[in-house]
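Okay, so here's the structure we're looking at.
In our numbering, the protein residues as written are -11 to 180.
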C-alpha cells in the first residue's frame, strides 16, 4: 500500500471514529464521513467497500491505541492493574475514543448489530486478561479472601466501563483514581 493511500485511510478512519462517536454507527453515514474528511462518498467507498468494513477498521484502530502499552510492558499480576489504569488514563485524554467505545458498545448490545460479536469477544478477552492477573495476585497472597479471581475481574471490568461512561457525563470524575480505589478494595496489600 502506498504511503499516501495508508495516510488517507487513517484520515478516513479518524473521521469515521469521530462521526460514530457523535452519531453512532446506525446514524453516522458514509456521506457524513466523506464531508468530514473532504472526500466524496465514492472516494470513501474506494478505500472501504462497506460501512461495516469501515466500522471494523475503526474498532481495530481504537484497539491498537489501547493495547500498545500492554504489548510493550508485558505486565503480570498487580502490574496488569497498573497498566490497565494507565491505559484508562490515556483513554480519557482522548474523549472521542471513550465516547466511540461507549456509543458503539451500547449499539452493539443488539445481536443484529455488525459489531455485536466483536464487542462480545473484546469484553471476553478483557475479562480473560483480568482473570489471569487476579489469579497471579491470588497466588502471591495479595487478593482479598472475599474475592475470587473471576469475581474480581468482573468487578474491575465493570468499574472500568461504568466509570468511563459516567466520566462522559461528568468530566470531574477521576476514572483512574476510581479504578485504583476499586483495586485497593479487592486487595489485601497497598495498591498504589
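Backbone N, C-alpha and C fix where the C-beta goes; we use that ideal spot for every residue, glycine too.
Spatial neighbours of residue 156 in its own chain (CB-CB distance under 8 Å, excluding positions within 5 residues in sequence) are listed in chain order as 83, 86, 87, 90. Contact check for residue 179 against residue 66 passes: the beta carbons are separated by less than 9 Å. Residue 175 is bridged by DSSP to 131. Each of 21, 6, 177, 35 was checked against the Cα of residue -3, and the nearest Cα belongs to 35.
Where residue 14 is concerned, the enclosing alpha helix (DSSP H) starts and stops at -9 to 15. The alpha carbon of residue 22 has as its nearest neighbour, out of 74, 3, 120, the alpha carbon of 3. The region 61 to 81 and the region 121 to 128 touch, with three or more beta-carbon pairs separated by less than 8 Å. Around residue 106, the same chain offers 44, 47, 96 as residues with beta carbons nearer than 8 Å, after the five sequence neighbours per side are excluded. Secondary structure at residue 79: helix, using DSSP grouped into helix, strand and coil. The beta-carbon distance between residue 161 and residue 154, rounded to whole angstroms, is 5 Å. This is short enough to meet the 8 Å contact definition.
Residue environment: residue 177 is assigned as exposed (fewer than 16 neighbouring CB atoms within 10 Å of its CB, all protein chains considered). By the Cβ-count criterion, residue 128 is exposed, with fewer than 16 other Cβ atoms from all chains shown falling within 10 Å of its own Cβ. Per DSSP, the unbroken alpha helix (DSSP H) holding residue 31 starts and ends at 29 to 35. Per the coordinates, the alpha-carbon of residue 120 lies some 46 Å from the alpha-carbon of residue 30.
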